[in-house]
Amino acid sequence: MDGQARRQKIIEIIQQSDKPVSGTALAQQLDVSRQVVVTDIALIRANGIEVTSTNRGYVITNTNKCKRIIKSRHTDDQILEELFAIVDNGGVAENIIINHRYYNRLEAPLNVSSRREAKEFMEAIESGKSKSLSSATSGYHYHIISAADEETLDVIEQELKEKGFWLPLDSWILE
Numbered sequence: 001m002d003g004q005a006r007r008q009k010i011i012e013i014i015q016q017s018d019k020p021v022s023g024t025a026l027a028q029q030l031d032v033s034r035q036v037v038v039t040d041i042a043l044i045r046a047n048g049i050e051v052t053s054t055n056r057g058y059v060i061t062n063t064n065k066c067k068r069i070i071k072s073r074h075t076d077d078q079i080l081e082e083l084f085a086i087v088d089n090g091g092v093a094e095n096i097i098i099n100h101r102y103y104n105r106l107e108a109p110l111n112v113s114s115r116r117e118a119k120e121f122m123e124a125i126e127s128g129k130s131k132s133l134s135s136a137t138s139g140y141h142y143h144i145i146s147a148a149d150e151e152t153l154d155v156i157e158q159e160l161k162e163k164g165f166w167l168p169l170d171s172w173i174l175e
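Printed below as a string of structure tokens:
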């Protein structure tokens with residue numbers, strides 16, 4: 001299989017998977033080294049396909065989805081409640097963004113699309129090895145939420161409002 005065909009196969013494998021696909025799994029399926037997969041991913045990205053690396057593997061951001069930035073504030077004890085409100089209503093918490101007074105804008109991928117992934121995220125936070133990014137800003141943070149359509153995003157936003165998490169956006173986030 002030549003490089004072009006292999007990269008197309010990588011795209012197909014990742015898109016058809018309902019969970020992130022590790023570089024090791026891709027390497028095994030395609031009978032190449034992990035380094036070849038890393039190089040192929042870089043070339044795929046260079047061709048404009050949004051491949052995101054998560055701690056669980058690679059995912060391709062579905063560019064057909066609708067996206068919305070939301071501002072939120074809650075305690076670390078309420079993180080799971082916020083994530084469940086997003087995923088239970090058909091959304092994906094793509095990332096988290098904070099506006100730190102010293103470091104300015106900081107962003108990290110989440111790609112949480114299910115209760116299981118939300119629980120895994122919380123287990124990592126609760127293990128004590130890491131803290132939530134929003135803890136650096138007294139619970140204030142932003143998410144890019146994606147969903148199949150605007151109506152789904154409206155439902156998610158409404159539930160976050162009802163829970164008291166939603167806040168109006170600041171102008172800097174839209175720049």
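Residue numbering for the sequence shown follows full-length UniProt numbering, beginning at 1 and increasing consecutively. Glycine included, each C-beta is placed from N, C-alpha and C at the ideal position. Since the structure is predicted, the reported quantities are computational estimates derived from the model, not experimental observations.
Residue 136 to residue 100 span [Cα, whole Å]: Taking the sequence shown and counting its residues from 1, the one referred to as residue 136 is at position 136. Taking the sequence shown and counting its residues from 1, the one referred to as residue 100 is at position 100. Approximately 7 Å, taken between the alpha carbons.
Residue of 106, 50, 90 minimising C-alpha distance to residue 96: By 1-based counting over the sequence shown, the position of residue 96 is 96. It is 106.
Closest residue to residue 131 among 151, 76, 48, 154 (Cα-Cα distance): Within the sequence shown, residue 131 is the residue found at index 131, counting from 1. The residue among 151, 76, 48, 154 with its C-alpha nearest the C-alpha of residue 131 is 76.
Status (buried if at least 16 other CB within 10 Å, exposed otherwise) for residue 164: Here residue 164 is taken as the residue at index 164 of the sequence shown, counted from 1. Counting Cβ neighbours within 10 Å, residue 164 comes out exposed, since fewer than 16 surround it.
Closest residue to residue 71 among 93, 123, 54 (Cα-Cα distance): Taking the sequence shown and counting its residues from 1, the one referred to as residue 71 is at position 71. Relative to residue 71, the option among 93, 123, 54 whose CA is nearest is 93.
7 Å CB neighbourhood of residue 122 in its chain, flanking five on each side removed: As a position in the sequence shown, residue 122 is number 122, starting the count at 1. Hits under 7 Å: 79, 80.
Continuous beta strand (DSSP E) stretch holding residue 49: start and end: Start at 1 with the first residue of the sequence shown, and residue 49 comes out as number 49. Here residue 49 belongs to no beta strand (DSSP E), and DSSP marks it neither H nor E.
Rounded separation between residue 22 and residue 86 - CA only: Counting from 1 along the sequence shown, the entry for residue 22 is found at position 22. Counting from 1 along the sequence shown, the entry for residue 86 is found at position 86. The alpha-carbon atoms of residue 22 and residue 86 are separated by roughly 25 Å.
Contiguous alpha helix (DSSP H) assignments of at least 4 residues, all confined to the region 56-109: Entirely contained in the region 56-109, the alpha helix (DSSP H) runs reaching 4 residues are, in chain order, 79-87.
N-terminal and C-terminal residue of the beta strand (DSSP E) that residue 5 is part of: Within the sequence shown, the letter at position 5 stands for residue 5. No beta strand (DSSP E) contains residue 5, which is instead part of the alpha helix (DSSP H) from 3-16.
Three-way DSSP call (helix, strand, coil) for residue 32 in this model: Taking the first residue of the sequence shown as position 1, residue 32 is located at position 32. It is coil, neither helix nor strand.
Cβ distance (whole Å) where residue 146 is taken to contact residue 98 below 8 Å: Counting from one through the sequence shown, the residue named residue 146 turns up at place 146. Counting from one through the sequence shown, the residue named residue 98 turns up at place 98. About 19 Å separates the beta carbon of residue 146 from that of residue 98, a gap too long to meet the 8 Å contact definition.
Whole-angstrom C-beta distance between residue 144 and residue 67, which should lie under 8 Å: The count along the sequence shown starts at 1 and reaches residue 67 at position 67. The count along the sequence shown starts at 1 and reaches residue 144 at position 144. Between residue 67 and residue 144 a beta carbon distance of about 6 Å is seen, short of the 8 Å cut, so the two are scored as contacting.
Cβ pair count under 8 Å reaching 3, the region 28-43 against the region 1-8: Touching, per the Cβ criterion.
Cβ-based burial, residue 168 [other Cβ within 10 Å; buried from 16]: The sequence position of residue 168 within the sequence shown is 168, counting from 1. With fewer than 16 Cβ atoms within 10 Å of its Cβ, residue 168 is classed as exposed.
Coarse secondary structure for residue 167, derived from DSSP in three states: By 1-based counting over the sequence shown, the position of residue 167 is 167. The answer is strand: DSSP assigns residue 167 an E or B state.
Local conformation of residue 114 per DSSP, three classes: Walking along the sequence shown from the start, residue 114 turns up at place 114. When secondary structure is reduced to three states using DSSP, residue 114 falls in the coil class, being assigned neither helix nor strand.
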